[in-house]
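Have a look at the structure below, then the notes.
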């Protein structure tokens with residue numbers, strides 16, 4: 001193991017000088033002697049000098065401090081010992097529950113599975129959220145993005161998906177908190193404890209591993225924490241389950257992919273790279289590709305990934321969300337307009353898409369109902385301008401009917417969430433896919449034209465709507 005010394009410190013970026021014959025390789029981990037600070041080599045500048053990013057605070061570091069080259073990339077603990085634990089970017093425990101017992105240690109920089117190793121699945125993953133199951137269904141082993149600006153409900157939607165999928169799904173989950181609020185990480189941990197997914201009495205019974213690199217962390221941590229979480233998920237996918245003899249089906253939740261890009265932007269400027277569009281790093285597409293290509297399903301097991309994507313200033317054409325779009329199988333777009341009407345989840349039914357929305361995958365009935373719902377909502381969108389200028393009275397009877405049905409559909413796409421019970425006081429609802437399809441089919445066909453709009457708001461199944469309407473009728477009488 002060669003050793004060098006720090007020659008320059010600029011924020012999170014440090015230059016380290018080594019003997020010319022012992023220059024570390026790109027991505028090698030270096031240890032600053034006498035501290036817990038780990039550095040990762042990013043560039044070789046020549047003359048034995050390498051430029052590195054610090055995976056932690058650079059407070060207290062100074063020039064000429066000795067640095068040791070570990071001769072290998074950053075490695076994190078993997079295996080069942082990580083379940084129920086909260087770790088940082090280097091796999092060190094931050095939950096005060098003692099050291100993490102690992103089956104093995106894997107490098108966070110790995111090759112993506114080759115084309116021959118990958119497998120394509122068209123099996124649907126039911127989420128119990130009506131608007132998602134109907135209009136942008138998820139595939140098992142697929143990649144899903146939750147797009148939205150600030151405060152439209154990305155994290156709440158993700159928590160509900162974790163609640164509905166991870167709790168019903170018997171497999172394992174990995175949660176990577178990338179540059180999000182510490183409070184949200186704390187809330188998530190306690191919710192998982194209450195749900196029994198994290199068992200602090202016996203960690204081996206836990207079903208989720210958590211890796212956090214929060215907002216207050218240096219950019220190096222936020223840039224690499226997504227890779228640390230992904231490496232743990234890859235281990236579960238690629239190693240055989242002792243019971244089944246196959247790889248496992250893993251759920252990977254990443255909140256938030258945008259912060260991963262942002263950390264790359266911060267580091268890129270310090271590394272001296274020329275910024276590209278909107279100030280992003282010139283390597284944005286490559287960095288995103290390296291991460292996303294590893295999140296895939298192989299012949300042995302699958303990784304189903306749900307990623308929250310912050311949309312700066314609600315602009316979906318911003319380079320960061322636009323680059324993410326290309327890698328996803330399903331995109332759930334959260335709209336501020338819909339949220340302002342009080343309709344939650346604030347999913348935009350016309351902007352959200354899925355590759356699974358194909359009659360050969362989901363069946364003719366589901367496809368026709370989904371397209372029928374979108375048709376009604378699209379027609380309503382076109383009529384809104386006429387209504388705003390001339391009023392409802394100027395519409396034909398047929399168009400009036402479209403408007404009434406569209407408003408009912410809009411309200412019926414709302415749903416009370418389990419994770420929001422503490423705020424709303426309304427119990428959460430899980431709606432099976434077959435009920436969702438049957439309900440919307442009946443609404444489009446006009447079977448519920450006589451029910452008031454208010455009855456459709458924040459309801460689970462259509463039976464609930466009918467019961468609400470009866471109640472409203474009797475109280476009015």
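In the UniProt record's numbering, the protein residues as written are 1 to 477.
The C-beta atom is built at its ideal place from N, Cα and C for all residues, glycine as well.
Keep in mind the model is a prediction, meaning the values are calculated, not measured.
- Below 8 Å CB to CB, which residues in the same chain sit around residue 123 once its five sequence neighbours on both sides are set aside? 139, 140, 141
- Alpha-carbon spacing of residue 207 relative to residue 235, whole angstroms: 14 Å
- Query: Taking Cβ positions, are residue 29 and residue 40 nearer each other than 9 Å?
  - Reply: Residue 40 sits close to residue 29, with the two beta carbons spaced by under 9 Å.
- Message: Does the contact criterion of 3 or more C-beta pairs under 8 Å hold for the stretch 451 to 469 versus the stretch 430 to 443?
- Response: The count of Cβ pairs closer than 8 Å, one atom from the stretch 451 to 469 and one from the stretch 430 to 443, reaches three, so the stretches are in contact.
- With distances taken Cα to Cα, identify the nearest neighbour of residue 86 among 174, 65, 107, 46. 174
- Message: What residue range does the alpha helix (DSSP H) around residue 1 cover?
- Response: Taken as a continuous stretch (DSSP letters only), residue 1 belongs to no alpha helix (DSSP H), as it is neither H nor E.
- Item | Simplified DSSP assignment, three categories, for residue 341 | coil
- Item | Residue environment, residue 190, which counts as buried when at least 16 other CB atoms sit within 10 Å | exposed
- Message: If I follow the unbroken beta strand (DSSP E) through residue 253, where does it start and stop?
- Response: 249 to 255
- Give the secondary structure of residue 45 by DSSP, where H, G and I count as helix, E and B as strand, and everything else as coil. strand
- Query: Are the stretch 192 to 206 and the stretch 60 to 75 in contact at 8 Å, needing three or more beta carbon pairs?
  - Reply: no
- Task: Give me the Cα-Cα distance between residue 376 and residue 409, rounded to the nearest whole angstrom.
- Result: In a straight line, the C-alpha of residue 376 is about 9 Å away from that of residue 409.
- Query: From this set, 343, 55, 4, which residue's C-alpha is nearest residue 33's C-alpha?
  - Reply: Checked all of 343, 55, 4; the closest Cα to residue 33 is 4.
- Does the Cβ of residue 481 have 16 or more other Cβ atoms within 10 Å, making it buried, or fewer, making it exposed? The displayed coordinates of the chain run from 1 to 477. Any statement about residue 481 would go beyond what the structure contains.
- If you pair each beta-carbon of the stretch 93 to 107 with each one of the stretch 291 to 307, do three or more pairs fall below 8 Å? no
- Taking the alpha-carbon positions, what's the residue 42 to residue 223 distance? 12 Å
- Just mark residue 183 as buried or exposed, buried being the case when its beta carbon has 16 or more other beta carbons within 10 Å. Exposed, because fewer than 16 other Cβ atoms sit within 10 Å of the Cβ of residue 183.
- Query: What residues in its chain sit with their C-beta under 8 Å from that of residue 72, if we drop five residues either side in the sequence?
  - Reply: 28, 29, 107
- Which one or two residues does DSSP pair with residue 356 in a beta bridge? The partner list for residue 356 (beta bridge, DSSP) is empty, contrary to what the question assumes.
- Item | Unbroken alpha helix (DSSP H) run spanning residue 292, endpoints | 284 to 294
- the stretch 159 to 172 contacting the stretch 258 to 275, beta-carbon criterion three pairs below 8 Å: no
- Query: What alpha helix (DSSP H) runs, 4 residues minimum, are completely inside the stretch 130 to 159?
  - Reply: Complete alpha helix (DSSP H) runs here, min 4: 130 to 135.
- Query: Starting from residue 212 and walking both ways along the alpha helix (DSSP H), at which residues does that stretch end?
  - Reply: Per DSSP, residue 212 belongs to no alpha helix (DSSP H); it is in the beta strand (DSSP E), 208 to 213.
- Query: Any chance the stretch 419 to 434 sits against the stretch 390 to 400, with 3 or more Cβ pairs inside 8 Å?
  - Reply: no
- Please report how far the alpha carbon of residue 338 lies from the alpha carbon of residue 116, in whole angstroms. The alpha-carbon of residue 338 is positioned some 43 Å away from that of residue 116.
- Message: Taking only three categories from DSSP, how would you classify residue 84?
- Response: coil
- Whose CA, out of 94, 169, 272, 105, lies closest to the CA of residue 185? 94
- Where residue 299 falls: helix, strand or coil (DSSP): Coil at residue 299, not helix or strand.
- Helix, strand or coil at residue 112 [DSSP, three-state]: Residue 112 falls in the coil class under three-state DSSP.
- Task: Kindly identify the DSSP beta-bridge partner or partners of residue 305.
- Result: Paired residues: 143, 252.
- Query: Using a Cβ-Cβ cut-off of 8 Å (strictly less than) and excluding sequence neighbours within five positions of residue 8, which residues of its own chain qualify?
  - Reply: Residues of the same chain with a CB within less than 8 Å of the CB of residue 8, apart from the 5 flanking positions on each side, are 14, 15, 63 in chain order.
- Nearest to residue 406 by alpha carbon, out of 424, 378, 472? For residue 406, the closest of 424, 378, 472 by C-alpha to C-alpha distance is 378.
- Alpha-carbon spacing of residue 266 relative to residue 219, whole angstroms: 7 Å
- Task: Check whether the stretch 144 to 156 touches the stretch 382 to 392, taking contact to mean three or more Cβ pairs, one atom from each stretch, closer than 8 Å.
- Result: no
- Nearest neighbour of residue 81, chosen from 221, 233, 342, 380 [CA to CA]: 233
- Can you tell me the Cα-Cα spacing of residue 424 and residue 187, whole angstroms? 17 Å
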